[in-house]
Each structure stands twice: as C-alpha cells, then as structure tokens.
C-alpha cells in the first residue's frame, strides 16, 4: 500500500471538534449556549459559511440544537446505548435518558472469570467488583448490564459494593477516588445466548439469542478500568448516525 500524506482537517471540522471536545468533557453542559455563527467566524477568522457548516456538523451529530434564540448543547436525546452514559454524565451531570431508571440488583467481589481476567489484565484468581444493573423505561427493560472492575477499586471506593445509587456513577466515583479517568472505549456488538439469570430479567427464554454490546474502558495511562456486557431488551436496537461529507 502506498503511503499517504496527512493533511489538516477542513476548518469547519476543526471548529466542530473543538466544541465537540468541550461538550464531551462537560465544559459545555446541557443547555449551554454556543457562540453565534458570526462570533465563531470572527473568533476563528473564517468565513461565516465555514462557521455555519461547523454548527451544522454538530447538529447532524446530535450534540446541539438550534432555534431562533441560538444554538444550545442538547445531547440528552441522542443517548441510545449504555456506554454513552459517561458522555451524558460529563455533559449534564445525569447519566440517564428522560424517563429511564436504573436498578442495581447486585454488587459484590467475585473471582474474575477468564474473560474478565483477560479484559482487565488481572492475575489468575484475582478478585473483581461485579455490578449488575437493570435499565428500564416506559416500554420495559432497556438492558441488563453487568460490569466488572479491578477488585482493588473497592478499597478506594467501598460504595462500589453497595446496591445504593452512586451519585457520580461508577465512572465518576472511580475517577474521584483513584484519579483514573476513562478516556478510551472499545465496543463490540454481537448476538449472544442469554444465560438463565439474565433471561429471566429480560423476560425471554434461557438461551435465547440477544443483541449485546460489550465494552472495555481504559484510563489516561492506557490501563483497563472497566469491562461490561449489556444484554438489550426485546425489540431494542443499536443505532448511530454519521455525516458523510
């Protein structure tokens, strides 16, 4: 394959990325007003059309909405998967979609299984925090989510072993107590047969094929912090939209 030359992204994409990062990091929270197209054009020293295209890009990706009062951060409506709860939490202080609730049904230290050992880079026989949640909305069960974290996290954050709600969610609590901030994530979507205990929560027969999303998170030093598997409820779907220009 021939080598290629890296070229700077178009100006409108650079501007969009600037605001995208601010929104993801929570520096621009839900409802925050973005500068006007004129202000963006002047600040970045670009044409108004370029500034308008950057805002249009953010709108197409679901980060903002515009009305006759201006353009405002509005990501709550675009969260459709469990992993995006981190982004929502950082931007809005709330990791749930409107009308959605979460019930932590178990949280305990367990011996890490082979998949968890591999994902979290643990020693054989090491312990892990296993937390299971059921997400529901007005249509029923959204997902049954099980996540595993290194057992050492329970020493710094014993609340992880409680089924009480965590005000800052798992991500926020871990970051606060350990300084390990989740900065990267890998997702794998697959069909898996539902184990009996999960099938009961989903209201399906044991062994039924279910749509799943498996996630692995890494901190700022490249070390894994959390491994999670979500079994989606019946008639749920995973979707995403991407601009093509």
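Residue numbers (full-length UniProt numbering): 1 to 245. The beta-carbon is built from N, C-alpha and C at its ideal position, and this holds for glycine as well.
Checklist entry - Is the beta carbon of residue 144 less than 9 Å from the beta carbon of residue 133? => result The sequence position of residue 144 within the chain shown is 144, counting from 1. The sequence position of residue 133 within the chain shown is 133, counting from 1. Their beta carbons are under 9 Å apart, which means residue 144 touches residue 133 by this criterion.
Item to check | Buried or exposed by the 16-neighbour rule on C-beta atoms within 10 Å, applied to residue 138 | outcome: For the purposes of this step, residue 138 is taken as the residue at position 138 of the chain shown. When all chains shown are included, residue 138 counts as exposed.
Checklist entry - Shortest alpha-carbon distance to residue 115 belongs to which of 226, 65, 167, 231? => result Position 115 of the chain shown, counted from the first residue, corresponds to residue 115. When only C-alpha atoms are compared, the closest one is 226.
Checklist entry - If you count every other CB in all the chains shown that lies within 10 Å of the CB of residue 215, and 16 or more means buried, which is it? => result Reading the chain shown from its first residue, position 215 is the one you call residue 215. When all chains shown are included, residue 215 counts as buried.
Checklist entry - beta strand (DSSP E) containing residue 211: first to last residue? => result Within the chain shown, the letter at position 211 stands for residue 211. 209-218 is the extent of the beta strand (DSSP E) around residue 211.
Item to check | the region 60-79 in contact with the region 20-33 per 3-pair CB rule at 8 Å | outcome: yes
Next on the checklist: Below 8 Å, is the gap between the Cβ of residue 212 and the nearest heavy atom of the ligand HEM?
Outcome noted: This structure lacks the ligand HEM; in fact it carries no ligand of any kind.
Item to check | Cross-strand partners of residue 273 (DSSP beta bridge) | outcome: No statement about residue 273 is possible, as the shown extent of the chain runs from 1 to 245 and does not include it.
Checklist entry - Which of helix, strand or coil does DSSP assign to residue 226? => result On the chain shown, position 226 is the one that residue 226 refers to. Of the three classes helix, strand and coil, the one that applies to residue 226 here is strand, per DSSP.
Checklist entry - Between residue 231 and residue 96, what straight-line distance do the alpha-carbon atoms span, to the nearest angstrom? => result Taking the chain shown and counting its residues from 1, one reaches residue 231 at position 231. Taking the chain shown and counting its residues from 1, one reaches residue 96 at position 96. Straight-line Cα distance between these residues: approximately 17 Å.
Checklist entry - In terms of residues, what are the limits of the alpha helix (DSSP H) holding residue 178? => result The residue labelled residue 178 in the question sits at position 178 within the chain shown. Where residue 178 is concerned, the enclosing alpha helix (DSSP H) starts and stops at 169-178.
Item to check | Whole beta strand (DSSP E) elements within the UniProt domain "HTH gntR-type" (9-76), 3-residue minimum | outcome: Every beta strand (DSSP E) of 3 residues or more that sits fully in the UniProt domain "HTH gntR-type" (9-76) is shown, in chain order, as 64-67, 70-73.
Checklist entry - Should residue 37 and residue 55 be called a contact, given that it needs their Cβ atoms to be closer than 9 Å? => result For the purposes of this step, residue 37 is taken as residue 37 along the chain shown, with counting starting at 1. For the purposes of this step, residue 55 is taken as residue 55 along the chain shown, with counting starting at 1. Yes; because the gap between Cβ atoms is below 9 Å, this pair is in contact.
Checklist entry - Nearest to residue 135 by CA position, among 111, 165, 152, is which residue? => result Numbered from 1 along the chain shown, position 135 holds the residue referred to as residue 135. Of the listed residues, the one whose Cα sits closest to residue 135 is 165.
Item to check | Residue from 50, 154, 141 with nearest C-alpha to residue 11 | outcome: Taking the first residue of the chain shown as 1, we reach residue 11 at position 11. Relative to the Cα of residue 11, the nearest Cα in the group 50, 154, 141 belongs to 50.
Checklist entry - What distance in whole Å lies between the Cβ atoms of residue 100 and residue 142, which are believed to be in contact at a cut-off of 8 Å? => result What you label residue 142 is simply residue 142 of the chain shown in a count that begins at 1. What you label residue 100 is simply residue 100 of the chain shown in a count that begins at 1. With 8 Å as the limit, residue 142 and residue 100 qualify as a contact, their Cβ atoms being about 7 Å apart.
Checklist entry - If you drop the 5 nearest sequence neighbours on each side, which residues of the same chain put their C-beta closer than 6 Å to that of residue 168? => result In the chain shown, counting from the first residue as 1, residue 168 sits at position 168. Excluding residues within five positions, none has a Cβ falling inside 6 Å.
Next on the checklist: Let's see if you can read the secondary structure: which residues bound the beta strand (DSSP E) around residue 190?
Outcome noted: As a first step, residue 190 is located in the chain shown; it is residue number 190 there, counting from the start. Segment 184-193, the beta strand (DSSP E) holding residue 190.
Item to check | Distance CB(residue 264)-CB(residue 111) smaller than 9 Å | outcome: No statement about residue 264 is possible, as the shown extent of the chain runs from 1 to 245 and does not include it.
Next on the checklist: What residue range does the alpha helix (DSSP H) around residue 159 cover?
Outcome noted: Taking the chain shown and counting its residues from 1, one reaches residue 159 at position 159. Segment: none, residue 159 is in no alpha helix (DSSP H) and carries neither H nor E.
Checklist entry - Which term fits residue 184, buried or exposed, when burial requires 16 or more other beta carbons within 10 angstroms of its beta carbon? => result Residue mapping note: residue 184 aligns to position 184 of the chain shown, counting from 1. Around the beta carbon of residue 184, fewer than 16 other beta carbons lie within 10 angstroms, which makes this residue exposed.
Checklist entry - Which of helix, strand or coil does DSSP assign to residue 120? => result For this step, residue 120 is matched to residue 120 along the chain shown. Residue 120 falls in the helix class under three-state DSSP.
Next on the checklist: Considering only the alpha carbon of each residue, which of 140, 35, 217, 120 lies closest to residue 187?
Outcome noted: Sequence index remark: in the chain shown, residue 187 carries index 187 (1-based). The option with the nearest alpha carbon to residue 187 is 217.
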